[in-house]
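Those letters in the sequence shown? Residues -19 to -1, 1 to 135, per mature numbering (1 follows the signal peptide of the UniProt record, and there is no 0), in order. I have placed the structure first, in the form of structure tokens, so that the comments after it can refer back to it.
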Amino acid sequence: MKPLTTLVLLFSFLGLLAAAPTDLAHFIDAATHLPLVDIPDHFPAMCSGTGSGYCNLGIASYIPSSGTKIRQAFVYDRYCRGLGARPFDSDTGKWSVYSLLPYTVELSITGGGRIPDGSFMYAGRKTDLGKKMYCRACSGLGDWECCQVAFDCH
């Protein structure tokens, strides 16, 4: 193993040991599956409290008039605590969103502009996006649309 990789992994592991479980819910890095990056505090939560066994998937879409499109997905527990996040540098595609849940969220966005179309799978269960999502302008963030959908995460 390369020395820099070893050092990064060591510091990541030490950070895990020192962090409280609720603090860990705000960190995730999809490339290494290790918590490394903090979800920005200023980013609005795309979540509403849910019943037992349900979580929320939030998707923020940045689509300015210039046409550049990026998205970011967030996974929340039933109390709207952040469990993980993943940025995307394109409007459509397939991604794995890692979180503190036991399975990954397998997200497929096929289009839709400000309100994403497509679906996602969690633990073998499919949830549609689009019309099933609650969407609104992200408060305080120009050109961003914030959407959310609840899913069975037990």
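The beta carbon of each residue, even a glycine, is placed where N, CA and C say it ideally should be.
For the candidate residues the options, whose alpha-carbon lies nearest to that of residue i?
i: Phe132; options: Pro45, Asn37, Gly48 and Ser80; result: Asn37
i: Tyr57; options: Tyr84, Met27 and Lys113; result: Met27
i: Gly121; options: Ser33, Val86, Tyr43 and Tyr35; result: Tyr43
i: Asp109; options: Trp125, Ser89, Cys61 and Gly94; result: Ser89
i: Tyr35; options: Gly93, Lys50, Gln53 and Leu64; result: Leu64
i: Arg52; options: Trp125, Val130, His135 and Cys134; result: Trp125
i: Gly105; options: Lys113, Thr85 and Cys119; result: Thr85
i: Gly93; options: Cys128, Ser29 and Gly32; result: Cys128
Looking at the strands, I want to know which residues DSSP matches up with residue i.
i: Met102; result: Glu87 and Lys107
i: Leu38; result: Val56 and Val130
i: Pro45; result: DSSP lists no partner for Pro45.
Assign residue i to one of three DSSP states: helix, strand, or coil.
i: Lys113; result: helix
i: Lys75; result: strand
i: Ile96; result: coil
i: Ala26; result: coil
i: Leu82; result: coil
i: Leu64; result: strand
i: Gly123; result: coil
i: Asp19; result: Confidence at Asp19 is low in this model, with a pLDDT of 46, below 50, so the placement of that residue should be treated as unreliable; the coordinate-derived value is given next. Looking at Asp19 - three-state DSSP - the assignment turns out to be strand.
Between residue i and the ligand MG, is there a pair consisting of the residue's CB and a ligand heavy atom that are separated by less than 6 Å?
i: Gly74; result: Absence of the ligand MG from the depicted structure is noted, as is the absence of any ligand whatsoever, leaving it without description.
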